[in-house]
Ligand SMILES: NC(=O)c1ccc[n+]([C@@H]2O[C@H](COP(=O)([O-])OP(=O)(O)OC[C@H]3O[C@@H](n4cnc5c(N)ncnc54)[C@H](OP(=O)(O)O)[C@@H]3O)[C@@H](O)[C@H]2O)c1
């Protein structure tokens with residue numbers, strides 16, 4: 107039997123990491139790392155881990171993902187999201203390792219009236235988007251094409267019991283409130299982290315490289331997602347649509363972040379629809395939270 111493919115994962119303690127590591131560990135040998143043991147700003151630490159594990163792939167998920175924090179502290183966002191990614195890419199280049207870099211739909215301007223494909227030009231509008239896009243460029247400039255896979259994720263949900271992001275928050279709220287509001291003029295594509303894990307498995311197994319959009323199918327607002335959560339939870343809570351101006355944020359939010367997965371479709375790989383993925387996740391939340 108050939109030895110298992112080894113994957114060193116950065117930022118593995120985050121929301122995406124939890125589900126993806128579990129998914130990939132079924133087939134591959136995965137080494138999860140996070141702060142403080144592997145800070146991607148620290149080249150020496152990266153080189154030490156690379157020497158110790160000798161991975162075939164680095165799954166690079168580490169990032170500052172709080173958009174408003176990135177806007178407030180662009181130096182920190184650049185140090186982690188851009189230079190941290192460059193550091194990881196350089197360590198991969200030195201050792202002949204491949205990188206899988208998780209990027210975002212937040213690199214687009216949002217001015218398009220329909221979902222973005224891989225052919226659209228990124229024009230990021232906030233510090234998070236800019237630094238994640240600079241991360242993409244760092245990967246492209248540092249590594250040969252056969253050693254780089256860039257996956258752009260949409261609005262991620264997942265993590266189960268530990269979920270403190272939109273879906274987890276709304277699921278808890280709809281059990282406590284009889285009314286809530288959700289933004290209805292910003293569009294995105296929901297993205298179940300477990301589905302990203304399955305996709306990475308497929309792309310590694312089939313030795314695929316390049317840039318791919320990786321969201322579940324759909325172009326919806328947070329209002330649509332909240333309404334669907336209420337339906338799936340079977341609770342009596344009214345969701346009211348409101349404009350984004352009702353929730354002022356420091357970082358500007360692009361009004362269109364939805365994506366199509368044109369290149370995955372060309373490969374013959376289909377991400378399932380967001381409603382099916384969300385239904386599976388809400389069933390999981392019901393079990394893990396016991397309500
Ligand atoms: N969440 C989304 O909707 C979304 C959408 C598209 C793409 N993505 C991308 O997907 C990846 C994972 O996102 P996520 O939602 O899992 O975010 P997350 O929960 O914030 O996880 C990111 C992880 O990176 C860690 N980290 C921060 N700075 C680091 C550093 N200097 N060195 C090493 N690790 C560091 C964080 O640790 P601390 O918690 O201690 O800071 C955290 O554990 C990110 O690259 C993100 O840009 C996310």
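Residue numbers (the numbering used here): 107 to 397. Just so you know, even glycine gets a beta-carbon here, dropped at the ideal spot from N, CA and C. Since we're looking at a predicted model, the values are computed, not measured.
**Request:** Tell me whether residue 398 sits in a helix, a strand or coil according to DSSP, three-state version.
**Result:** In this structure the chain extends from 107 to 397, so residue 398 is not present and cannot be described.
**Request:** Inspect the CB distances between the stretch 340–353 and the stretch 285–297 and report whether three or more fall short of 8 Å.
**Result:** yes
**Item:** Alpha carbon of residue 369 to alpha carbon of residue 168, nearest angstrom
**Value:** If you take the alpha carbons of residue 369 and residue 168, they lie about 25 Å apart.
**Item:** residue 157 burial status per 10 Å Cβ neighbour count (16 or more: buried)
**Value:** exposed
**Message:** Checking 8 Å against the spacing of the C-beta atoms, do residue 272 and residue 359 come in under that value?
**Reply:** no
**Asked** Hey, would you say residue 324 sits closer than 8 Å to residue 296, going by beta carbons?
**Response** yes
**Asked** residue 234 and residue 216: beta carbons closer than 8 Å?
**Response** Contact: no.
**Prompt:** For ligand 1, any of its heavy atoms closer than 7 Å to the Cβ of residue 261?
**Reply:** Distances from the CB of residue 261 to the heavy atoms of ligand 1 include at least one below 7 Å.
**Asked** Which of the three DSSP states, helix, strand or coil, is assigned to residue 110?
**Response** coil
**Message:** For residue 323, list the residues DSSP reports as bridge partners.
**Reply:** 379
**Message:** Does residue 236 pass the burial test, meaning 16 or more other C-beta atoms within 10 Å, or should it be called exposed?
**Reply:** Under this definition residue 236 is a buried residue.
**Prompt:** In terms of residue numbering, what span does the beta strand (DSSP E) encompassing residue 166 cover?
**Reply:** 163–166
**Asked** Do residue 194 and residue 139 have their C-beta atoms within less than 8 Å of each other?
**Response** In this structure, residue 139 does not lie closer than 8 Å to residue 194 by Cβ.
**Asked** If you compare alpha carbons, which of 395, 379, 366 is closest to residue 225?
**Response** 366
**Message:** Extract the residue ranges of the beta strand (DSSP E) inside the stretch 341–367, only unbroken runs of 3 or more that lie entirely within it.
**Reply:** List check, beta strand (DSSP E) in window: 344–348.
**Prompt:** Are the stretch 328–342 and the stretch 261–281 in contact at 8 Å, needing three or more beta carbon pairs?
**Reply:** yes
**Prompt:** Since residue 297 is in the beta strand (DSSP E), which residue starts that stretch and which ends it?
**Reply:** Where residue 297 is concerned, the enclosing beta strand (DSSP E) starts and stops at 296–298.
**Item:** Beta-carbon proximity list for residue 378, same chain, < 8 Å, skipping 5 on both sides
**Value:** The beta carbon of residue 378 sits closer than 8 Å to those of 301, 322, 323, all from its chain and outside the five residues before and after it, given in chain order.
**Of the residues 280, 309, 294, the one placed nearest residue 72, counting alpha carbons only** = Outside the shown range of the chain (107 to 397) lies residue 72, about which nothing can therefore be said.
**Prompt:** Given a threshold of 16 other Cβ atoms within 10 Å of its Cβ, counted over all protein chains shown, does residue 282 qualify as buried or as exposed?
**Reply:** exposed
**Request:** Taking residue 203 and residue 163 to be in contact with their CB atoms under 8 Å, please state how far apart those CB atoms are, rounded to whole angstroms.
**Result:** The C-beta distance from residue 203 to residue 163 rounds to 7 Å, short enough to meet the 8 Å contact threshold.
**the stretch 142–150 touching the stretch 173–193, judged by at least three CB pairs closer than 8 Å** = A contact exists between the stretch 142–150 and the stretch 173–193.
**Message:** The beta strand (DSSP E) that contains residue 289, what's its start and end?
**Reply:** 285–289
**Message:** Could you check if residue 173 belongs to the surroundings of ligand 3, using beta carbon to heavy atom distance under 7 Å?
**Reply:** This structure does not include ligand 3; its bound ligands are ligand 1.
**Asked** Quick one: is residue 374 buried, meaning 16 or more other Cβ sit within 10 Å of its Cβ, or exposed?
**Response** exposed
**As assigned by DSSP and simplified to three states, the class of residue 221** = coil
**Request:** With DSSP collapsed to three states, give me the class of residue 146.
**Result:** coil
**Prompt:** Does the beta carbon of residue 356 fall short of 7 Å from some heavy atom of ligand 1?
**Reply:** no
**Request:** Taking 8 Å as the cut-off, decide whether the C-beta atoms of residue 255 and residue 316 are in contact.
**Result:** yes
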